[in-house]
Amino acid sequence: MNHELLILLKRNGVKFINIHSIGYDHINIKATKVLGIGISNNPYSVSSIADFISLHIPVSAKTYHAINKDNFYKGER
Numbered sequence: 082m083n084h085e086l087l088i089l090l091k092r093n094g095v096k097f098i099n100i101h102s103i104g105y106d107h108i109n110i111k112a113t114k115v116l117g118i119g120i121s122n123n124p125y126s127v128s129s130i131a132d133f134i135s136l137h138i139p140v141s142a143k144t145y146h147a148i149n150k151d152n153f154y155k156g157e158r
């Protein structure tokens with residue numbers, strides 16, 4: 082979230098941002114302080130990341146096969 086987006090959020094009444102991610106380096110922390118927007122982070126645990134990925138691998142494989150079956154992908158194989 083860059084400074085411009087944070088200004089827009091502040092104008093629309095946002096007072097606090099809670100993110101659920103591994104880090105918060107994608108948010109301009111200095112801008113949140115200047116604008117008076119609070120921020121917190123609920124980090125993932127290492128095991129939850131592994132669980133998340135292990136659940137998405139089969140879904141990704143199924144999607145890949147469905148796309149190729151319908152000849153949606155026209156690139157080289």
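So the sequence shown is residues 82 to 158, counted in our numbering.
Backbone N, C-alpha and C define an ideal beta-carbon position, used for all residues, glycine too.
Report the option in the options whose CA atom is closest to the CA atom of residue i.
i, options, result
"phenylalanine 133", "Ser102, Leu86, His84, Phe97", "Ser102"
"isoleucine 100", "Ser141, Ser121, Pro139, Asn83", "Ser121"
"lysine 96", "Gly104, Ala112, Asp106", "Ala112"
Using 10 angstroms around the beta-carbon of residue i, count the other beta-carbons present and answer buried if the total reaches 16, otherwise exposed.
i, result
"isoleucine 110", "exposed"
"isoleucine 130", "exposed"
"isoleucine 108", "buried"
Roughly how many angstroms separate the alpha carbons of residue i and residue j, rounded to a whole number?
i, j, result
"lysine 143", "leucine 136", "12 Å"
"isoleucine 138", "proline 124", "22 Å"
"asparagine 83", "isoleucine 98", "13 Å"
"aspartate 106", "leucine 86", "15 Å"
"valine 140", "serine 128", "19 Å"
If you pair each beta-carbon of the region 88-98 with each one of the region 112-131, do three or more pairs fall below 8 Å?
yes
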